[in-house]
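>
Protein chains: 2
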Amino acid sequence: MPTIQEVAKKAGVSVATVSRVLNDNGPVSSNTRKKVQGVIDELNYQPNLLGRNLRRSETRMILVLLQNISNPFYSKIVKGMEDTAHENGYNVLICNTNTDIDLESIYLDFLKNKLVDGVIFTCTAMVTEEFNKLAKYYPVVLCNEYNKDIKAPIVTIDNEIAGYEATSHLIKLGHKKIGMISVNNVGSSYDRMKGYMRAIEEAGLEVNEDYIVYHTFSYKGGMRGIKQLFELDEPPTAVFCISDLIAVGAIKELKSKGLRVPNDVAIVGFDNNSIAPMYDPSITTIAQPRYDIGKKTMEIMLQRIKGNENNNHIVKLEHDLIIRESTLPSVD
Amino acid sequence: MPTIQEVAKKAGVSVATVSRVLNDNGPVSSNTRKKVQGVIDELNYQPNLLGRNLRRSETRMILVLLQNISNPFYSKIVKGMEDTAHENGYNVLICNTNTDIDLESIYLDFLKNKLVDGVIFTCTAMVTEEFNKLAKYYPVVLCNEYNKDIKAPIVTIDNEIAGYEATSHLIKLGHKKIGMISVNNVGSSYDRMKGYMRAIEEAGLEVNEDYIVYHTFSYKGGMRGIKQLFELDEPPTAVFCISDLIAVGAIKELKSKGLRVPNDVAIVGFDNNSIAPMYDPSITTIAQPRYDIGKKTMEIMLQRIKGNENNNHIVKLEHDLIIRESTLPSVD
DNA sequence: CTGTTAGCGCGTTCAC
DNA sequence: GTGAACGCGCTAACAG
C-alpha cells in the first residue's frame with residue numbers, strides 16, 4: 001500500500017499537491033492534476049484513513065449500539081440511519097452490547113477516544129446519571145428507548161397513545177376482561193401500560209391488577225405470561241402483549257392449551273415485527289415507523305455533531321394500528 | 001479531553017513515561033507510576049486511539065459484513081466471533097451491505113485504508129476474481145457462504161451431507177414425491193441440492209426436475225415455491241426448503257390452500273432459526289453450529305492476521321437434524 | 001529508571 | 001499554482 005509520499009515522488013510534486021487533488025480543495029493546475037491523478041490510479045493509491053482522521057480529528061463514523069442484532073425490529077431502523085448517514089458522507093458501525101455493561105463501556109471508549117464521532121443508543125445498561133454525564137460531553141442520541149430523567153435527544157413514538165389504541169381496539173370488539181403481558185423497568189412499556197389503563201378506565205371498565213403480568217421480552221416470556229394469566233379464576237378473553245415476540249409465545253401457549261386465537265382469546269402484539277404477518281394467525285399489532293425513526297435519529301445526531309442541537313429534546317413519530325387475524329374472529 | 005502531553009506536564013514527567021504507564025510496558029519506578037496514574041485518574045484521561053492506531057498501524061478491529069442484520073441466523077455466529085475476538089483483545093464491528101456492491105466497496109476501503117485489521121464476509125456481491133485479489137493482500141475470511149473458486153479460508157458445514165440427511169428423513173417417513181425450494185447462484189444451496197439428489201437416487205427413486213424450484217431467500221419465496229409446486233399435476237407430499245424462512249412461507253401458503261402440515265404435506269427447513277421452534281407447527285430443520293462457526297471463523301481470522309494461516313483452506317463443522325412437528329404426522 | 005527525539009500518514013498554513 | 005514545514009496524539013528507539 002503506497003503512501004502519499006510515494007505518490008508525490010512518483011508524480012514529481014509535493015505531498016501538498018497530492019492532498020489537494022485527493023480532496024479537491026485548493027488550486028491545482030489542470031495539468032498537474034491530471035498527472036497526479038494518473039499516478040494515483042496507476043498505484044491504486046488509497047489514503048490511509050488513520051492519518052487523515054487523526055489530522056482532521058473526525059472519523060465520520062457513527063456507532064449504533066444494539067442489544068442484539070438478532071432482534072429484527074431494528075433492521076429497518078438501522079436502514080433509515082444508514083441511508084441518512086450515507087447521504088451526508090458518514091458511515092454506520094453496529095455493535096452488540098448484549099446488555100453487558102463492560103462491553104458497553106468498551107464501545108463508549110470508541111467515542112471518548114475519537115474512533116467514532118457519535119453514538120446512538122437503542123438500549124443501555126448504564127445508570128441514568130452516568131448516561132447524562134456522557135451525553136453532556138459527547139454526541140449521543142437515544143432511539144426508541146428512554147426514561148424520563150434522561151437528558152439527551154430522544155426519538156420514539158407516543159407509547160401511551162399506542163397502548164391506548166391497542167386496548168381500545170379490543171374493547172370495541174366487545175372484550176371486557178383484557179390482560180396485558182408487559183416487561184419491567186422499561187420506559188416504553190410503562191407508557192404503553194398507562195395507555196392500556198386509560199383505555200379501560202375511559203370505557204367505564206375496571207383495571208384488574210392481576211391482569212397485568214411482567215415477563216421477559218421474549219417468546220418464552222409470552223408463554224409464561226399466558227400460563228400466569230390462565231391460572232386466574234377468571235382468565236381474560238383478550239391479551240395485549242408488549243411485543244410481537246411475546247404475542248407469538250402467547251399464541252403458541254394458548255394453542256397448546258386447546259384454545260383458539262382469536263375465537264377464544266384475542267391477541268394484540270406490538271412493533272409489527274416481520275413475524276407478525278407471517279404467523280398463524282397473523283398478528284394484530286402496532287406498527288412503528290421504523291425507517292423514519294432511524295432517519296430522524298441520524299438527522300439529530302448529525303445536527304448534534306455540528307453543534308446546533310440542544311440536548312433535551314424528544315421527537316415523537318406517528319404509529320399505526322394494523323388489524324390482522326389474531327383479533328378478528330372468523331365466522332365458524 | 002486532555003492529551004498525553006497535558007498529562008505529562010501536569011505529572012512533571014515526559015510523555016514517554018506516561019505512555020509506559022498507560023501500556024504497562026517498559027520500566028517505571030513505583031513512585032512515578034503512582035504519580036502519573038494519579039494525574040490520569042484526576043484528568044480522566046483516555047488515550048486518543050487515532051494516534052495510537054496510526055503509530056502502531058493496527059486497530060485490533062475486525063469488520064463483519066452482513067447482508068442484513070435482520071437475518072436472525074447470524075446473531076449467534078456473531079456472538080461466537082465476538083467472544084473469541086474479545087478474548088484476544090480485538091473488537092468486532094458489524095456493517096450491513098444490503099447486497100449493494102458500492103456499499104460493500106466502501107466498507108472494504110476500511111480494510112484497505114487501515115481502519116480495520118480484517119474483514120469477515122458472510123456474503124458478498126463481488127465477483128470471485130476480485131474477491132480473490134482482495135484475499136491475496138488482506139486478511140479476509142469467508143463464513144458460511146462460498147463458491148468453489150474462492151481462494152480464502154472458509155468456515156461452513158457440509159451442506160451436501162445436510163441436504164442428504166434432510167431428504168433421507170423424508171424418505172424414511174415414506175415420502176416418494178419430494179419437492180425442493182431452493183435459491184439460485186448460492187454455493188451452499190447448490191451443495192444442499194446435490195445431497196437432496198443423492199438421497200433420492202440412493203433410495204431408488206427418481207429425481208424429478210419439476211420438483212426443484214428456485215425462489216428468493218425469504219418468506220415470500222416460500223409462498224411462491226409452494227404455488228409453483230402445486231400447479232403440477234402431481235404435487236409433492238413433502239418439501240425440503242433451503243431455509244426456515246422459506247419453510248414458514250411454504251407452510252403459511254399450504255394452510256391457506258386448506259392443506260395440513262405435516263399430515264398432507266411434510267416440510268423440512270434449514271438453519272434452525274429462532275422461528276423454527278416457535279412456528280405452528282414447529283419446523284423440522286438442520287441446525288448449524290452457529291456459535292462454533294463464528295468462533296472458528298474468528299480464530300482463523302486472528303491467525304491470518306498473525307500471518308500463520310494459508311489462504312486456501314476449508315473447515316467444515318458438524319450439523320444436526322432436528323425433528324419437529326412439521327414432519328411428524330399426529331394421530332388424527 | 002527516565003527524557004529526548006523521530007516519525008506513523010495526512011492536511012494545512014504560509015511563503016514564494 | 002506550488003512546495004516546505006509543522007503538528008494531529010501517540011509509541012518506540014536510543015541515550016543517558
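Heads up: the sequence lines are chains A and B, in that order.
The UniProt record's numbering puts the first sequence at residues 1 to 332.
The UniProt record's numbering puts the second sequence at residues 1 to 332.
Each residue gets a CB set at the ideal place from its N, CA and C atoms; glycine is no exception.
(1) May I have a chain-ordered list of the alpha helix (DSSP H) segments no shorter than 4 residues that lie completely inside the stretch 149-229 of chain A?
(2) What separation, rounded to the nearest whole angstrom, lies between the Cα atoms of H86 (chain B) and T59 (chain B)?
(3) Can you list the residues of chain A that D109 (chain B) reaches, using a CB-CB cut of under 7 Å?
(4) Taking 6 Å as the limit between beta carbons, can you name the residues of its chain near C143 (chain B), skipping five residues before and five after?
(5) Anyone know if the C-beta pair for R198 (chain A) and A276 (chain A) falls short of 9 Å?
(6) Leaving out the 5 sequence neighbours to the left and right, which residues in its chain are closer than 7 Å to G14 (chain B) when beta-carbon positions are compared?
(7) Assign M180 (chain B) to buried or exposed, taking buried as 16 or more other Cβ atoms, counted over all protein chains shown, within 10 Å of its Cβ.
(8) Within the continuous alpha helix (DSSP H) that includes I300 (chain B), where are the two ends?
(9) My output table needs one value for V265 (chain B): the three-state DSSP class, helix, strand or coil.
(10) Within 10 Å of its beta-carbon, does I101 (chain A) have 16 or more other beta-carbons around it, so buried, or fewer, so exposed?
(11) Rounded to whole angstroms, how far is the Cβ of I150 (chain A) from the Cβ of N132 (chain A), which I believe are closer than 8 Å?
(12) Compare the Cα-Cα distances from H169 (chain A) to each of A:K136, A:A203, A:L134, A:V207 and report the closest residue.
(13) For I314 (chain B), which of B:P262, B:K255, B:A250, B:I293 has the nearest alpha-carbon?
(14) D320 (chain B) bridges to which residues according to DSSP?
(15) Who are the Cβ neighbours of S282 (chain A) in its own chain at under 7 Å, not counting the five residues just before and after it?
(16) Start and end of the alpha helix (DSSP H) containing I242 (chain B)?
(17) In chain B, which residues lie less than 8 Å from I94 (chain A) when you measure between Cβ atoms?
(18) Cα separation between residue 339 (chain B) and K148 (chain B)?
(19) Determine the extent of the beta strand (DSSP E) in which L232 (chain A) is found, giving its start and end residues.
(20) If we define contact as Cβ-Cβ less than 9 Å, is V239 (chain A) a contact residue for chain B?
(21) Nearest-angstrom Cα distance between L65 (chain B) and C95 (chain B)?
(22) Starting from the beta carbon of M301 (chain A), find every residue of chain B whose beta carbon is closer than 9 Å, and list them in chain order.
(23) From this set, B:K255, B:P235, B:I246, B:E42, which residue's C-alpha is nearest K177 (chain B)'s C-alpha?
(24) Taking 9 Å as the threshold (beta carbon to beta carbon), is N53 (chain A) in contact with chain B?
(25) Are the stretch 180-197 of chain B and the stretch 209-221 of chain B in contact at 8 Å, needing three or more beta carbon pairs?
(26) Measuring CB atoms only, is the stretch 36-46 of chain B touching the stretch 75-83 of chain B, in the sense that at least three cross pairs come out at less than 8 Å?
(27) Identify, in the order they occur along the chain, each residue of the same chain with its Cβ nearer than 6 Å to the Cβ of V141 (chain A), setting aside the five sequence neighbours on each side.
(28) Rounded to whole angstroms, what's the CA-CA distance from L63 (chain A) to N98 (chain A)? Just pull it up for me.
(29) Taking only beta-carbon atoms, is D280 (chain B) less than 9 Å away from chain A?
(30) Could you work out which residue in B:D24, B:E253, B:K114 is closest to R55 (chain B) when comparing CA atoms only?
(31) Ignore the nearest five residues each way along the sequence and tell me which others in D41 (chain B)'s own chain have a CB closer than 8 Å to its CB.
(32) Answer with buried or exposed for A238 (chain B), where buried requires no fewer than 16 other C-beta atoms within 10 angstroms of its C-beta.
Let's see:
(1) Taking only runs of at least 4 residues, the alpha helix (DSSP H) segments lying wholly in the stretch 149-229 of chain A are 159-172, 187-202, 219-229.
(2) Just so you know, the alpha carbons of H86 (chain B) and T59 (chain B) end up roughly 13 Å apart.
(3) Taking a Cβ-Cβ threshold of 7 Å, the residues of chain A close to D109 (chain B) are Q46, in chain order.
(4) If we look at C143 (chain B) and ignore the five residues flanking it on each side, its Cβ neighbours are I120, T122, V155, T297.
(5) Contact: no.
(6) Looking at the sequence provided, one finds Ser at residue 14 (chain B) rather than Gly. Result list for S14 (chain B): A8, in chain order.
(7) Residue environment for M180 (chain B): buried (at least 16 other C-beta atoms within 10 angstroms of its C-beta).
(8) Here the alpha helix (DSSP H) through I300 (chain B) covers 290-306.
(9) In this structure, V265 (chain B) counts as coil in the three-state DSSP scheme.
(10) Classification of I101 (chain A): exposed, given that the 10 Å Cβ count is below 16.
(11) Taking C-beta atoms under 8 Å as the contact rule, I150 (chain A) and N132 (chain A) qualify, at a distance of about 7 Å.
(12) The closest CA to that of H169 (chain A), considering only A:K136, A:A203, A:L134, A:V207, is found on A:A203.
(13) Per the Cα distances, B:I293.
(14) In the DSSP output, where bridge partners are listed per residue, D320 (chain B) has B:A287.
(15) Here the set comprises A276, R324, E325, S326.
(16) Here I242 (chain B) belongs to no alpha helix (DSSP H), and DSSP marks it neither H nor E.
(17) Correct list: I69, L93, I94, C95, N96.
(18) Outside the shown range of chain B (1 to 332) lies residue 339 (chain B), about which nothing can therefore be said.
(19) Counting along the chain, L232 (chain A) falls outside any beta strand (DSSP E), and DSSP gives it neither H nor E.
(20) Chain B, which has no Cβ nearer than 9 Å to the Cβ of V239 (chain A), makes this no.
(21) L65 (chain B) and C95 (chain B): Cα-Cα distance of roughly 5 Å.
(22) Those do not exist, as M301 (chain A) stays about 17 Å from chain B at its closest Cβ, beyond 9 Å.
(23) K177 (chain B) has its Cα closest to that of B:P235, out of B:K255, B:P235, B:I246, B:E42.
(24) Under the Cβ criterion of 9 Å, N53 (chain A) is counted among the residues facing chain B.
(25) They touch, by the three-pair rule.
(26) Contact fails: fewer than three Cβ-Cβ distances are below 8 Å.
(27) I120, P153, T297, I300, M301.
(28) About 15 Å.
(29) It does; some Cβ of chain A falls within 9 Å.
(30) Looking at the Cα atoms, B:K114 is the closest of the given residues.
(31) None.
(32) Result: buried.
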